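Asks: Can you keep this structure in mind? I'll have questions shortly.
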Amino acid sequence: MSAEARITVTVNGLSCTRTVDARLLLSDFLRHELGLTGTHVGCEHGVCGACTILLDGRSARSCLTLAIQADGANIETVEGLGRIGELGRVQQAFRDHHGLQCGFCTPGFLMTITDMLRHHSLENDEDIREALSGNICRCTGYEHIVNAVRELARERGPLK
Amino acid sequence: MSAIDASVEMRPKLVGQRIKRTEDPRLLTGSGRYVDDIAPAGLLHLAVMRSDHPHARIRAINVGEAFAIPGVVAIFDAGDIKGDFRSAVPTSRMKGYYATPIRPLAEGKVRYVGEPMIAVVAESRYAAEDALEHISVDYEPLPFAIRQVDAVADDAPLLHDEAGTNVIIAREFARGDVEKVLADAAVVVKGRFRMTRKTPMPMEGRSYLAEWDRRRQALTLHSSTNIPGIIRDVLSGCLDLPGNRMRVVAPDVGGSFGGKGSLNHEEMLVCVLARKLERPVKFVADRMEDLTAMSQAFDELIEAELAVDADGRLLGLKADVIGDIGAYSIYPWTGALEPVQVVSFLPGPYRIEHYRGRVRGVLTPKPPTGPYRGVGRPSSTFAMERLIEMAARKLGMDPVEIRRRNLVRAEEFPYRTGSGIIWDRSAFQECLEGACDLADYPALLRARDAARAEGRWVGIGLASYAELTGIGSRIAVAPGMPINTGTETSTIRIDATGAVTAAFGISSHGQGLETTLAQVVADELGCRMEDVEIQHGDSALVPMGTGTYASRSAVLGGGAATKTARVVKAKVLKAAAYLMAVPIEDLVAEGGVIRASSSNATMTFKELAHAVYAQMGRIPHDQREDLVASETYDPYLGTACSSTHLAMVEIDPGTYGVTVTRFVVAEDCGRIINPLIVDGQVHGAVAQGIGAALLEEVVHDADGQLLTASLADYLVPVATNVPDIGIVHIEAELPNNIGGFRGMGEGGTIGAPAAIANAVSDALSHLGVEVDTLPVTPERIFRMVEDARTIRKA
Amino acid sequence: MKPARFDYVRAESIAHAVEVLADAGGDGKVLAGGQSLMPMMNFRLVKPSVLVDINHIAELDRIEHRGDRLHVGALVRHRMTAEDALVVRHIPVLHHAMKHVAHLTVRNRGTFCGSVCHADPAAEMPMMTVLLDGTIHTASPRGSRALPARDFFVGSLVTALEPDEMATSIEIAVPAEGSGWGFEEFARRHGDYALAAIAVLMERRDGQARNVRVAMMGVGDTPLRLLDVEAALEGREVTRAALDEAIEALKMSIDPNSDLNASSDYRRHLAAVLARRALGDAWSRTRQTSVEIAA
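Chains as they are written, first to last, in this note's numbering: chain B, 17 to 176; chain L, 3 to 796; chain Y, 4 to 298.
Right, here's the structure in full:
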């Protein structure tokens with residue numbers, strides 16, 4: 017039993033070891049301990065989806081996860097999807113369709129969509145909108161995001 | 003009127019194209035930099051203890067064991083920082099107005115639940131929040147009137163004793179004899195409309211980081227603001243620092259919608275504390291704090307009456323408005339911004355001879371209202387467009403036809419409304435027809451009627467409106483406000499490497515201005531877009547700039563960019579003419595290359611810059627000029643912008659859930675710089691309008707407590723609430739300003755609430771009920787339906 | 004919005020977990036998916052002294068089919084329940100209800116048991132547990148217990164769990180072959196907590212409804228089983244007249260609260276509307292030739 021612990025987490029393929037407070041949120045760990053500020057914090061009560069990351073391959077709210085829980089886990093963040101000049105496919109689709117404006121909710125959407133495309137059948141716009149409904153965007157009105165996901169859903173291979 | 007700027011005639015190659023945004027690569031890869039991403043060495047974190055009383059005297063503060071929490075550095079109340087700043091005062095020339103002073107922490111008493119009271123500075127936000135749990139406040143509760151109708155009463159408890167009244171704003175606009183017209187008219191419709199309080203809810207919370215430079219005795223504030231220049235100017239006064247030692251930087255900003263467009267308590271607070279402690283101090287509002295204490299929106303009660311003749315012609319309009327402005331008049335806009343615009347824009351885009359609009363702005367113990375996308379006009383359009391459709395129903399006239407008969411026509415511009423607003427030419431009528439054409443209005447009516455025959459509750463609603471955008475120096479953005487919102491400055495320089503840097507006073511926070519302004523600059527200069535870097539969001543870039551708000555940046559920023567680029571280009575061509583030994587008239591610059599049409603000789607911008615700056619003697623010293631310019635643009639009048647929205651809704655006759663099934667926008671935003679970005683602005687604003695119409699409401703209970711302090715309670719639209727939106731762009735006769743641009747960032751929030759309110763009323767028309775309150779929630783529909791059925795039975 | 008300090012224990016086993024809970028003297032909390040607990044901790048509405056993380060107790064991470072009962076372990080995520088082959092084929096009402104549980108990302112982490120133990124009166128899984136004749140299996144230093152759903156839900160966010168007791172699995176009934184089901188929920192937005200929802204199961208024999216089960220949520224402090232509504236339909240053909248009687252019985256059985264989103268009167272109205280739809284759907288989904296509801 018302790019108020020802090022030493023944890024090792026793999027983030028975007030790189031292993032990181034840190035001593036953390038038990039109460040440190042994974043979102044704060046990524047942002048402030050590892051400097052991966054691409055993951056944003058929008059509500060800290062699990063509603064807005066801005067802090068969404070992939071935890072062992074599935075989307076998760078990093079604001080509702082403790083860093084200490086991630087000991088031994090594999091985490092993917094927006095920084096792992098691509099880089100400037102070398103955008104990942106989801107990122108490129110967002111750019112092509114103007115799926116972002118202020119960019120604050122964007123990393124959370126990109127991670128949720130990555131999960132959607134890997135694991136969920138998205139047969140029509142209704143499916144897409146429903147799957148996106150746990151992420152809030154205040155700028156785009158969602159239409160351009162839906163357009164981007166529709167394109168991605170059409171071009172992907174079979175479901176994993 | 004006829005003098006259209008010549009540049010409009012030629013079709014440049016970047017402006018008008020769907021160009022992908024320059025901002026995107028960094029924002030898509032997590033490489034953006036928002037305030038909370040910046041962490042200087044020695045950073046301290048701030049948590050704020052907020053009032054949990056709506057109105058109370060602070061008798062005593064007990065910090066208990068707070069200092070014993072590991073990591074706690076300092077705790078301050080108002081008394082501890084009293085000598086460290088001067089209050090900000092949102093002055094105005096309005097008659098009878100009282101300007102409530104704004105301070106970082108409440109002094110003596112608190113005036114709303116959520117008002118900052120005590121500051122805890124600690125090594126981490128976790129520790130600072132721990133300390134808050136140990137601090138207790140002894141309050142003496144004071145009486146208050148939470149509802150605006152009570153707060154205006156003569157005997158209501160005063161929130162600011164010094165003001166002597168709660169009604170700190172009163173204005174009246176009048177033309178003609180509205181009482182007579184109302185008495186004589188064939189048809190009079192009236193209503194008591196209420197646009198409830200909203201919160202802007204940008205995704206990024208308000209975030210401030212102040213750093214004190216001991217060496218220079220200078221302060222840098224990184225702020226998630228959209229008005230860095232205004233904040234610099236006011237803080238310079240509050241902190242007694244000259245502008246060259248007080249700098250406000252807005253890095254990437256995660257939306258504002260108005261919520262980050264005023265001076266905030268915490269913004270002052272971090273500055274005061276950073277200087278006092280000589281350490282960087284950061285405050286990042288969590289969601290609960292923003293929902294509780296960010297400046298809020300609307301909250302007007304509008305009693306209005308409309309007189310119409312038997313042919314559906316609008317004769318006169320009368321309105322009394324009470325705006326609930328909250329506990330303080332906000333800096334710099336004042337509490338008049340929102341309610342006064344309601345009465346000044348209420349007559350809308352229509353020809354109405356007789357008008358009388360009265361407004362009172364009243365203090366209540368709630369967070370201050372401030373700018374919110376659309377300002378005033380979402381409320382005024384809601385009331386006016388409801389009256390129009392009520393009149394049409396009474397006359398048995400089609401809602402499109404009544405608008406067609408009354409919208410100001412092309413030959414009537416400029417038209418002065420009863421409140422004194424001058425509408426310059428814009429596509430009022432064309433937008434109405436455009437929306438109906440795109441939606442195929444006759445087919446939509448048939449579909450509605452067929453659905454109704456099956457017992458379904460389906461309705462169609464319209465809303466037409468006009469707004470002033472890109473306002474110049476002739477009128478202030480807010481009434482009587484003594485700051486200059488009518489100009490923008492651009493500084494453009496081509497450096498020794500040939501790179502182009504264009505700096506502005508505007509402050510993009512999602513609008514894509516780095517892209518659109520680069521399109522304008524590249525076209526004007528004749529360089530490549532990728533050679534242009536747009537700088538903005540930093541008070542140090544230009545001598546005075548107020549930022550991005552009020553749909554001004556395309557008009558004023560685009561105008562300044564055009565004007566400045568032309569001066570720089572003249573210098574480029576002059577140097578090129580000398581270097582290439584051809585007459586200047588022979589030269590054309592395009593894509594970063596200067597070409598002589600007579601000789602086919604070319605020179606790149608890079609070569610030219612090198613020659614001008616680095617090769618001594620290539621240009622005689624008395625003819626050599628740096629390739630820089632700084633120009634200021636003032637559109638003086640500004641532009642009118644107009645639109646018609648059309649909504650179709652279906653109401654579940656059991657649950658009363660409302661689904662927006664169709665939405666069409668036809669709008670005139672002048673010459674479009676980037677249609678991709680314009681579409682995005684329309685989509686986003688309409689989504690917010692749908693939120694205002696169906697979901698969003700800030701609720702304070704009778705005790706002044708906030709009931710909507712989480713995103714599970716304050717409901718904003720998600721992907722399943724918003725339909726695909728059909729858009730018609732109408733580039734009517736272009737406005738008389740540089741570039742021919744009109745502002746368009748806000749419009750969606752103005753038309754959508756009214757159109758949806760009309761569509762819901764249409765869907766409920768068989769019950770004879772009319773929507774008068776937004777959001778029109780399932781609960782409100784339930785009550786309307788029950789009341790109608792009770793009346794029918796009786 | 005940062006949680007208060009706590010001690011953290013990664014439990015190695017159920018015995019370990021309950022031992023730590025017991026040592027915490029009523030101040031410990033079990034962390035499974037965290038989708039309800041963590042928001043409350045971030046708001047500092049809940050400040051446990053010890054957080055017992057059960058995410059590494061492998062035996063809890065299973066769904067088992069035993070006879071006509073399904074045992075859902077305390078670590079089974081909503082997503083796993085929704086995708087379970089038996090649930091998809093044989094408990095379509097549960098599969099369908101899962102679509103209404105928050106959002107994709109929350110369903111990846113949140114657990115069936117966690118939702119039941121959180122006992123939000125407007126959450127789906129407590130209602131489904133009541134509908135599906137659920138039993139909550141628990142462990143404490145005193146041994147294990149099996150609590151029927153009807154005894155488990157005590158009030159809003161209050162259950163019969165002792166402070167040193169944790170749920171280890173929930174056992175639910177697999178409806179009989181040929182059962183019809185109905186599920187209706189109304190929320191302000193997709194995935195929000197419901198203003199009201201209803202779930203129905205029934206069989207049809209000889210043209211009559213049998214084994215009718217009706218559960219509702221959002222209309223009381225706990226999920227409700229509506230015995231009077233069941234009785235109104237049991238052994239009858241589900242005609243419009245029968246439905247009318249059932250709805251009357253419903254209105255008499257509930258006394259909903261008023262809150263920010265809905266008044267008591269509106270909730271009562273909504274309950275009736277949803278019930279009529281769900282009962283009709285369940286009847287028409289019963290395996291036998293579908294019969295139109297007689298006018």
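Glycine included, every Cβ here is placed at the ideal spot set by N, Cα and C.
These numbers come from a predicted model, not from an experiment.
Restricting to Cα atoms, I'd like to know which of L:A714, L:M203, L:V771, L:P637 is closest to G150 of chain B.
Replies: Nearest of L:A714, L:M203, L:V771, L:P637 to G150 of chain B, Cα basis: L:A714.
Asks: Using the C-alpha atoms, what's the distance from T751 of chain L back to F115 of chain Y?
Replies: Computed Cα separation, rounded: 40 Å.
Asks: Would you identify the three-state DSSP class for H103 of chain Y, choosing helix, strand or coil?
Replies: Coil, per DSSP.
Asks: Exposed or buried, what is K15 of chain L when buried is set at 16 or more other beta-carbons lying within 10 Å of its beta-carbon?
Replies: Its Cβ having fewer than 16 others within 10 Å, K15 of chain L is exposed.
Asks: Is there a Cβ of chain B sitting closer than 7 Å to that of V17 of chain L, yes or no?
Replies: For V17 of chain L, the answer is no, since every Cβ of chain B falls outside 7 Å of its Cβ.
Asks: In this structure, how does DSSP classify D764 of chain L when only helix, strand and coil are distinguished?
Replies: Of the three classes helix, strand and coil, the one that applies to D764 of chain L here is helix, per DSSP.
Asks: Which of the three DSSP states, helix, strand or coil, is assigned to S475 of chain L?
Replies: Looking at S475 of chain L - three-state DSSP - the assignment turns out to be coil, as it is neither helix nor strand.
Asks: Let me see if you follow: with CB-CB separation under 7 Å, is V138 of chain B close to chain L or not?
Replies: A small fix is needed here, since residue 138 of chain B is Leu in this sequence, not Val. By this cut-off, L138 of chain B is not an interface position.
Asks: Is there a Cβ from chain L that is less than 7 Å from the Cβ of L148 of chain B?
Replies: L148 of chain B counts as touching chain L.
Asks: Hey, how far is the Cα of H162 of chain L from the Cα of G482 of chain L?
Replies: Straight-line Cα distance between these residues: approximately 21 Å.
Asks: Whose C-alpha, out of Y:M128, Y:I139, Y:H121, Y:R288, is nearest the C-alpha of H98 of chain Y?
Replies: Closest option to H98 of chain Y, Cα to Cα, is Y:M128.
Asks: Which bits of chain L does Q107 of chain B rub up against, with CB to CB less than 9 Å?
Replies: Residues of chain L passing the Cβ test: D26, P27, L30, T31.
Asks: So with CB distances below 7 Å, who are the chain B contacts of D254 of chain L?
Replies: Those are G119, listed as they occur along chain B.
Asks: Give a yes or no on whether 7 Å exceeds the smallest Cβ distance from N111 of chain Y to chain B.
Replies: True, the Cβ-Cβ gap to chain B drops below 7 Å.
Asks: Could you check if I653 of chain L is buried or exposed, using at least 16 other CB atoms within 10 Å of its CB as the buried criterion?
Replies: By the 10 Å Cβ count, I653 of chain L comes out buried.
Asks: Along the alpha helix (DSSP H) that carries S382 of chain L, what are the first and last residues, could you check?
Replies: Segment 379-397, the alpha helix (DSSP H) holding S382 of chain L.
Asks: Going along chain L in order, which residues have a C-beta closer than 7 Å to the C-beta of M306 of chain Y?
Replies: The question about residue 306 of chain Y has no answer, for chain Y in this structure spans 4 to 298.
Asks: Name, in chain order, the residues that DSSP records as bridge partners for P367 of chain L.
Replies: According to DSSP, which records beta bridges pairwise, P367 of chain L is partnered with nothing at all.
Asks: From the DSSP output, which residues share a beta bridge with E102 of chain B?
Replies: Per DSSP, B:R99.
Asks: Alpha carbon to alpha carbon, how far is T225 of chain Y from T132 of chain Y? Give it in angstroms, no decimals.
Replies: Their backbone Cα atoms lie some 12 Å apart in a straight line.
Asks: For L282 of chain Y, which of Y:E237, Y:R271, Y:G137 has the nearest alpha-carbon?
Replies: Cα-wise, what sits closest to L282 of chain Y is Y:E237.
Asks: At the level of alpha carbons, what is the spacing between N28 of chain B and A83 of chain B?
Replies: Rounded to whole angstroms, N28 of chain B to A83 of chain B spans 15 Å at the Cα level.
Asks: Which one of Y:A163, Y:S147, Y:L34 has the shortest CA to CA distance from D154 of chain Y?
Replies: Minimum Cα distance to D154 of chain Y is reached at Y:A163.
Asks: Within the 7 Å Cβ cut-off, does M101 of chain Y reach chain B?
Replies: Not closer than 7 Å to any Cβ of chain B, the Cβ of M101 of chain Y fails to qualify, so no.
Asks: Tell me S18 of chain B's beta-bridge partners as DSSP assigns them.
Replies: According to DSSP, which records beta bridges pairwise, S18 of chain B is partnered with Y:Y11.
Asks: Would a check of beta-carbon distances place R191 of chain Y closer than 7 Å to chain L?
Replies: Interface residue, yes.
Asks: Take the Cβ of P416 of chain L as the centre, count every other Cβ of all protein chains shown within 10 Å, and call the residue buried at 16 or more, exposed below.
Replies: It is exposed - the Cβ of P416 of chain L has fewer than 16 other Cβ atoms within 10 Å.
Asks: Would T35 of chain B be called buried (16 or more neighbouring beta carbons within 10 Å of its own) or exposed?
Replies: Classification of T35 of chain B: exposed, given that the 10 Å Cβ count is below 16.
Asks: Any chance the segment 56-74 of chain L sits against the segment 108-119 of chain L, with 3 or more Cβ pairs inside 8 Å?
Replies: Yes, since at least three Cβ pairs between the segment 56-74 of chain L and the segment 108-119 of chain L fall closer than 8 Å, the two stretches touch.
Asks: If contact means a Cβ-Cβ distance below 8 Å, which residues of the segment 150-168 of chain B contact chain L?
Replies: Residues G150, N151, I152, C153, R154, C155, T156, G157, Y158, E159, H160, I161, V162.
Asks: Under a CB-based cut-off of 7 Å, is P42 of chain L close to chain Y?
Replies: No, its Cβ sits nowhere closer than 7 Å to a Cβ of chain Y.
Asks: Measuring only the C-alpha atoms, how far is T710 of chain L from M296 of chain L?
Replies: T710 of chain L and M296 of chain L: Cα-Cα distance of roughly 13 Å.
Asks: I need the DSSP call for L160 of chain L, collapsed to helix, strand or coil.
Replies: If DSSP states are grouped into helix, strand and coil, L160 of chain L belongs with coil.
Asks: Output yes or no for whether 7 Å exceeds the beta carbon distance between L198 of chain Y and G221 of chain Y.
Replies: Yes, Cβ-Cβ distance for L198 of chain Y and G221 of chain Y is below 7 Å.
Asks: By the 7 Å beta-carbon criterion, what residues does the segment 210-234 of chain Y contribute toward chain L?
Replies: The residues in question: there are none.
Asks: Under the three-state reduction of DSSP, which class applies to R794 of chain L: helix, strand or coil?
Replies: The answer is helix: DSSP assigns R794 of chain L an H, G or I state.
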